[in-house]
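Input: a single structure, listed below in structure tokens.
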Amino acid sequence: MRHKTLGMLCLGLLLVPSVEVTAAIRFVTIGTGGVTGVYYPTGGAISRMINAKRDEYGIRATVESTAGSVYNVNAVMAGDLDFGVVQSDRQFQAYNGTADWEDRPQKNLRAIFAIHPETVVIVAGADTGIRHVADLKGKVVNIGNPGSGQRGNAIDLLTASGLDFATDMRAEGLKAPESASLLQQGKLDAFFYTVGHPNGSVKEAVAGKRKVRFVNIPQKTIFDLAKRYPYYAPATIPVKMYPGVENLEDVKTFGVKATLCTSAEMSDEIVYAITREVFENLDAFKQLHPAYEVLTPESMLQGLSAPLHPGALKYYKEAGLLK
Ligand code: GLU
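Here it is, written out as structure tokens:
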């Protein structure tokens, strides 16, 4: 009798884990950015929502810190990541075969939804005398690592301002989470970041001993960029988000949007589940980061240039957001 019970208990123990494993949990990865950016917590917010409904959806999402937008597009296209947070300009370029994807259009790239606005910020040591973009000449400037979204934005702005990043300054290609401390140590004069606000890296840069300021971009340059590239729009950085920065007025710059992308190969069912979960719980989602404050279901359908994934489209039709 005792043996029998023990035997059944053992059998039970053996069975429990195997039942869970056979319950067909699908594992998906979301590529984000540096841990001090907004992409990383964004991936975390999406995955937590979807994982909380594991019994309903059978999906387990995990988040990876990555080099950023360009890396994410390439990894999603190569099948190394299932989803990626990608700047809207990078989505446009990849799908249409320009910039980093010159003559290599990524026709399998699919859009799911847009998330928070991202603006191009140039953070400079106040003691460097950098007040305008032109003052970056001869300086040590982190324009962003290859694979990041900001690198291309920095190069576009510098080019539009008549500066060649390769010859007019010492351009560094460092990852965003390194920028703030290097600026504080005096090893960088300035750094570029394309990011949602407020965010950890810029806060870290502003909170140090070395005084810093954000560089205003002339209206004319912003308009020229927006005219030339359909994905750029004028934007401002509210200085109240960064107590300690030297600027007294909001800073004029330009921006893009963060978007969630995947491949045409991704299952409709999984994309539908993620889309539905975020849209049906948008109020809760918006509590997860201050950069999401401006999100509305409508704004989340703007800034997408790759075709919508069918799984997302199905939800938008059901919800009456699209016909
Ligand atoms: N926009 C940056 C990029 O595409 C990432 C910003 C973030 O991590 O929030 O590389």
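The opening position of the sequence shown corresponds to residue 59 in our numbering, with each subsequent residue numbered one higher. Heads up, the beta-carbon is just placed ideally off N, CA and C, and yes, glycines get one too. Computed from a predicted structure; not experimentally measured.
One Cα belongs to Tyr350, the other to Lys315, and the distance between them is close to 11 Å. Contact annotation: the segment 124-141 does not touch the segment 212-226, with fewer than three C-beta pairs closer than 8 Å. Take Pro348, set aside five residues on each side of it, and the residues of its chain with a beta-carbon closer than 7 Å to its own are Pro256, in chain order. Shown here, Pro288 sits in coil according to DSSP, grouped into three states, outside any helix or strand. Annotation: the continuous alpha helix (DSSP H) that includes Ala331 extends over 326-338. Taking a cut-off of 8 Å on C-beta distances, the segment 242-252 touches the segment 191-199, as three or more cross pairs fall below it.
In this model, Tyr115 and Thr100 are separated by some 20 Å (Cα to Cα). For the pair Ile201 and Arg271, the CB atoms are not nearer than the 9 Å cut-off. Put simply, of Val297, Asn305, Leu366, Leu346 the residue whose alpha carbon is nearest the alpha carbon of Val329 is Leu366. Taking C-beta atoms under 8 Å as the contact rule, Ile170 and Ala370 qualify, at a distance of about 5 Å.
Residue pairing of Thr87 in beta bridges, as defined by DSSP: Thr120. Among the bridge pairs identified by DSSP, Thr311 is matched with Ala293.
In the DSSP assignment, Glu176 forms a beta bridge with Val314. Thr100: member of the alpha helix (DSSP H) spanning 97-110, first to last residue.
Thr177 is positioned such that its CB atom lies closer than 9 Å to that of Thr311. In this structure, DSSP gives Ile170 an extended state, which the three-state scheme calls strand. Relative to Pro204, the option among Leu318, Leu240, Gly126 whose CA is nearest is Gly126. Of the candidates Pro292, Asp226, Pro296, Val144, Val144 places its Cα closest to the Cα of Leu167. The segment 238-270 is shown to contain whole beta strand (DSSP E) runs of 3 or more residues at 248-253, in chain order. In this structure Asp341 is exposed. Its beta-carbon is surrounded by fewer than 16 other beta-carbon atoms within 10 angstroms. In the structure shown, the three-state DSSP call for Gly137 is coil. The three-state reading of DSSP puts Phe223 in coil, since its state is none of H, G, I, E or B. For Ala293, the closest of Pro301, Glu304, Pro276, Cys319 by C-alpha to C-alpha distance is Pro276. The closest heavy atom of the ligand GLU lies less than 8 Å from the beta carbon of Ser127.
Ranked by how close their Cα comes to the Cα of Asn339, the residues Val352, Tyr289, Ile108, Val199 have Ile108 in first place. According to the DSSP assignment, Glu230 belongs to the beta strand (DSSP E) that extends over 228-230.
Residues Tyr289, Val314, Lys315, Thr317, Gly361 of the same chain have their beta carbon placed closer than 6 Å to that of Ser146, with the five preceding and five following residues left out of the count. Its Cα nearest to that of Val96, the residue Val260 stands out among Asp226, Gln149, Glu323, Val260.
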